[in-house]
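**Q** The numbering of the first sequence is my numbering, which starts it at 4 and goes up by one. Glycine is no exception: its CB is placed at the ideal position from the N, C-alpha and C atoms. If you scroll down you'll find the structure; I have some questions about it.
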Amino acid sequence: MPGSITNDEQSLIGFRKALLEWYDENGRDLPWRNHEGEAYRVIVSELMLVQTTVAAVIPYYHRFLERFPTVTDLAHADEADVLKLWEGLGYYRRARHLHALAKAVVANHGGQFPHDEADLLALPGVGRYIAGAVRSFAFDLPAPILEANTIRLLARLIGLMETVELGTSQKTLWAEAARRVDPDRPGPFNQAMMDLGATICTPRQPACLICPVNKFCKAHLGGLTETIPLKAAKSPLKPGEEVSVIVKRPTDGSILLLKRSVQGLWADFWELPTFWQAGADPAKRRDQGFEYKNLDDLIQLIEALMGLRIKPLEEVQAKPIRYGVTTHKMTLNVLGTELISENLIRPQGFLQAEFVAPSEITKRTMSTAQRKALKIPLKG
DNA sequence: AAGTCGGGGAC
DNA sequence: GTCCCAGACTT
């Protein structure tokens with residue numbers, strides 16, 4: 004019968020209408036929105052927002068756009084200047100990706116962002132989500148997105164009873180995202196899904212009573228909003244197998260830091276001299292480094308590598324601090340020493356070795372984990 | 001499929 | 001303290 008629609012289609016139309024009406028009244032006003040066709044702004048914000056909260060990104064976004072207003076400006080920038088604007092935001096690989104991406108857009112696409120999904124996916128740092136974000140937000144194309152907010156929202160809407168990390172779940176959720184996109188307003192629809200997830204369909208205690216789509220939500224109707232989305236079990240915390248050393252110069256209170264190489268983890272950052280226990284599981288060793296057998300061996304190693312004479316002050320902390328990021332498997336022990344004399348040399352594999360005054364150490368200087376180990380408050 | 005990559009904010 | 005955040009990439 005021509006013109007007839009099924010109940011599913013009718014329900015879908017009602018869902019889109021309720022969501023978009025809510026969004027038009029209650030959507031977040033974010034600085035990278037409402038700039039029609041400016042894919043560059045979308046890309047900058049999306050790269051900054053990877054596993055990073057909106058509130059943390061906003062000041063960085065403004066500084067970045069002010070310094071590099073267009074993709075061409077960014078393409079012609081020095082990488083050091085790009086990284087400088089990223090300092091403190093974390094995941095520094097994203098900054099290098101964004102810089103390389105700008106160069107590719109200028110070199111391969113004449114400075115205009117491609118609309119084609121495959122072309123976008125070929126750009127560094129762009130995966131399925133960001134490609135969909137650019138296509139829907141900047142070009143208003145009916146492309147699906149799937150990210151933290153919409154994973155939670157969609158999982159609750161459909162009553163997904165599998166852990167969301169599973170490949171089968173991901174496939175289901177992507178299909179659901181694609182099926183639901185409003186063909187007339189894909190960009191606003193996708194942003195509405197994210198805003199609803201961020202402000203109403205929150206991880207804990209979602210505000211279902213004021214949710215515009217609660218009558219479409221299987222989790223809400225089934226009393227399952229606290230159990231969906233199901234999460235995979237976390238891997239346990241393992242004991243630390245690395246030790247960092249605080250060598251403080253008594254004359255001025257400055258602390259020995261090493262500047263890491265320009266590649267790999269913490270590239271170009273300063274850190275405390277860090278050593279691995281001999282026999283530590285190689286799989287847990289995140290990078291190369293110095294290896295020691297016991298405390299006496301460690302002291303001799305430090306003296307030989309760094310040109311110091313030192314005396315250990317305190318044993319490795321009984322309760323190591325947490326170290327590492329997402330997996331949280333590593334811990335960092337800290338050893339204090341007394342400096343007897345110095346003829347400082349740069350150890351192999353490091354760019355520099357210096358005694359640095361605590362007042363000079365900021366989040367731009369070294370990682371938060373090590374700064375906390377030093378008990379150095381941040382001055383600004 | 002699992003591991004890697006940082007840091008801050010909410011609770 | 002724990003949990004979570006506009007994911008992408010490598011192995």
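Just checking, does the segment 99-115 make contact with the segment 130-137 on the three C-beta pairs under 8 Å criterion?
**A** No, the segment 99-115 is not in contact with the segment 130-137.
**Q** Expressed to the nearest angstrom, what Euclidean distance is found between the alpha-carbon atoms of residue 60 and residue 306?
**A** The alpha-carbon atoms of residue 60 and residue 306 are separated by roughly 42 Å.
**Q** Taking buried to mean at least 16 other C-beta atoms within 10 Å of its own C-beta, is residue 119 buried or exposed?
**A** Result: exposed.
**Q** Report yes or no: do the segment 19-38 and the segment 72-81 share at least 3 C-beta pairs separated by less than 8 Å?
**A** The segment 19-38, when compared against the segment 72-81, does not touch it at the 8 Å Cβ threshold.
**Q** Can you tell me where the beta strand (DSSP E) with residue 303 in it begins and where it stops?
**A** Taken as a continuous stretch (DSSP letters only), residue 303 belongs to no beta strand (DSSP E), being part of the alpha helix (DSSP H) at 298-309.
**Q** Between residue 229 and residue 157, what straight-line distance do the alpha-carbon atoms span, to the nearest angstrom?
**A** Cα to Cα, the separation comes out at about 14 Å.
**Q** What's the C-alpha gap between residue 172 and residue 160?
**A** Whole-angstrom Cα-Cα distance: 13 Å.
**Q** Enumerate, from N- to C-terminal direction, the unbroken alpha helix (DSSP H) stretches of 4 or more residues contained entirely within the segment 114-145.
**A** Runs found: 120-124, 131-136.
**Q** I'd like the list of long-range same chain contacts for residue 71, defined as Cβ closer than 7 Å, with 5 residues on each side in sequence excluded.
**A** Once the five neighbours on either side are set aside, the close Cβ partners of residue 71 are 77, 80.
**Q** Does DSSP put residue 339 in a helix, in a strand, or in coil?
**A** Strand.
**Q** Closer than 7 Å by C-beta to residue 165: which residues in its own chain qualify, once you throw out the five before and the five after it? Chain order, please.
**A** Answer for residue 165: 171, 172, 233, listed in chain order.
**Q** According to DSSP, is residue 273 helix, strand or coil?
**A** DSSP places residue 273 in strand when its eight states are reduced to three.
**Q** Over the uninterrupted alpha helix (DSSP H) stretch that includes residue 12, give me the two end residues.
**A** Where residue 12 is concerned, the enclosing alpha helix (DSSP H) stretches over 10-29.
**Q** In chain order, what residues of the same chain lie with their CB nearer than 7 Å to the CB of residue 189, ignoring the 5 residues before and after it?
**A** Only 139, 143, 144, 145, 146 meet the Cβ criterion.
**Q** Excluding five sequence neighbours on each side, which residues of the same chain lie with their C-beta closer than 6 Å to the C-beta of residue 102?
**A** Within the same chain, residue 102 has close Cβ partners 82, 85.
**Q** Take the Cβ of residue 200 as the centre, count every other Cβ of all protein chains shown within 10 Å, and call the residue buried at 16 or more, exposed below.
**A** Label assigned to residue 200: buried.
**Q** Is residue 261 near residue 358, with beta carbons less than 7 Å apart?
**A** In this structure, residue 358 does not lie closer than 7 Å to residue 261 by Cβ.
**Q** Compare the C-alpha of residue 194 against each of 275, 19, 12, 315 and name the closest.
**A** For residue 194, the nearest C-alpha among the options comes from 19.
**Q** When you compare the segment 46-59 with the segment 250-258, are there three or more beta-carbon pairs, one atom per stretch, that lie closer than 8 Å?
**A** Short answer: they don't touch.
**Q** Would you call residue 223 buried or exposed, if buried means 16 or more other Cβ atoms sit within 10 Å of its Cβ?
**A** Residue 223 comes out buried.
**Q** Just to confirm the assignment, what range does the alpha helix (DSSP H) spanning residue 355 have?
**A** Premise fails: residue 355 lies in the beta strand (DSSP E), 355-359, not in any alpha helix (DSSP H).
**Q** Unbroken alpha helix (DSSP H) runs of length 4 or more, entirely within the segment 179-203: which are they?
**A** Runs of the alpha helix (DSSP H) inside the segment 179-203: 189-202.
**Q** May I have a chain-ordered list of the alpha helix (DSSP H) segments no shorter than 4 residues that lie completely inside the segment 34-116?
**A** Whole alpha helix (DSSP H) segments, 4+ residues: 42-52, 57-70, 74-78, 82-89, 96-112.
**Q** If you drop the 5 nearest sequence neighbours on each side, which residues of the same chain put their C-beta closer than 6 Å to that of residue 192?
**A** Excluding positions up to five away in sequence, the list reads 184, 185.
**Q** Which residues share a DSSP beta bridge with residue 344?
**A** Per DSSP, 312.
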